[in-house]
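Take a look at the structure set out below.
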Amino acid sequence: MSDDSELEIITVECIRTPPDHVTPDKVPAKVEERAMDPSVKEVLSKTMLEGVETVWDRLEKQQPHCKFCEAGLSCQRCAMGPCRIMGEGKNRGVCGAGADLIVSRNLLDQIATGAASHSDHGREVAETLLLTARGKAPGYGIADEGKLKLLAKEYGLDAEGPLDKVAEMLAVAMLEEYGTMKGELSMAKR
14 MSDDSELEII TVECIRTPPD HVTPDKVPAK VEERAMDPSV KEVLSKTMLE GVETVWDRLE
74 KQQPHCKFCE AGLSCQRCAM GPCRIMGEGK NRGVCGAGAD LIVSRNLLDQ IATGAASHSD
134 HGREVAETLL LTARGKAPGY GIADEGKLKL LAKEYGLDAE GPLDKVAEML AVAMLEEYGT
194 MKGELSMAKR
């Protein structure tokens with residue numbers, strides 16, 4: 014948008030499921046089964062009545078899950094697999110990995126993938142804090158002075174002094190940790 018006062022109208026395309034997906038009389042029960050938050054329930058009810066496919070619909074279409082994958086005992090790490098180590102005589106994969114190792118590696122892979130795919134959100138928060146501290150982020154401000162000072166102390170920074178300077182030092186310290194190859198991450202010490 015060229016002007017902050019202008020509103021931009023966007024169009025979102027949704028995948029519609031066949032009309033027999035969920036009959037209107039079954040929507041309330043499905044909504045209760047799928048969500049707890051009242052606002053989520055309201056949106057979910059609307060999407061179901063309109064036949065818009067949701068994450069729950071896609072999950073149901075994937076059922077039943079593979080018993081090996083569900084137990085975490087499927088390994089697809091190399092080209093010799095997939096190895097599924099469940100049942101008589103199948104207690105190790107081709108490489109020799111047992112159940113504990115396969116489950117552990119799968120869990121670590123999922124954690125690393127999730128962290129990597131969402132770390133950019135943290136960087137954007139730190140960049141916004143830096144712009145806010147420098148007065149270059151209209152509409153943003155420091156909402157919780159105590160939290161800012163607490164985080165600055167956790168990073169080993171002097172939390173006293175002008176708030177914008179503390180915020181700037183903290184933002185720079187946070188941004189310096191992205192891609193670091195030495196030392197520890199300050200937030201991991203929490």
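Reading the sequence shown from the start, the letters are residues 14 to 203 in our numbering. Virtual Cβ for every residue (Gly too), placed ideally from N, Cα, C.
With a threshold of 6 Å on Cβ separation, who are the neighbours of CYS27 within its own chain once the five nearest residues in sequence on each side are excluded?
VAL65.
Secondary structure at CYS82, three-state DSSP: helix, strand or coil?
Helix, per DSSP.
Compare the C-alpha of ALA145 against each of ILE23, HIS78, GLY196, VAL179 and name the closest.
The sequence given here places Thr at residue 145; Ala does not occur at that position. Per the Cα distances, VAL179.
Over what stretch of residues does the alpha helix (DSSP H) that includes ASN119 continue unbroken?
Unbroken alpha helix (DSSP H) run through ASN119: 112 to 146.
Can you tell me where the alpha helix (DSSP H) with MET182 in it begins and where it stops?
Per DSSP, MET182 belongs to the alpha helix (DSSP H) from 176 to 190.
Taking the alpha helix (DSSP H) that ARG47 falls in, what are its first and last residues?
Per DSSP, ARG47 belongs to the alpha helix (DSSP H) from 40 to 47.
Taking the alpha carbon of CYS108 as the point to measure from, which residue in GLY100, ARG90, THR67, ILE124 has its own alpha carbon closest?
For the residues GLY100, ARG90, THR67, ILE124, the minimum Cα distance to CYS108 belongs to ARG90.
Buried or exposed: where does VAL53 fall if 16 or more other Cβ atoms within 10 Å of its Cβ makes it buried?
Exposed, since its Cβ has fewer than 16 Cβ neighbours within 10 Å.
Going by Cα to Cα distance, which pick from TYR191, ARG47, GLY102 is closest to HIS134?
Checked all of TYR191, ARG47, GLY102; the closest Cα to HIS134 is TYR191.
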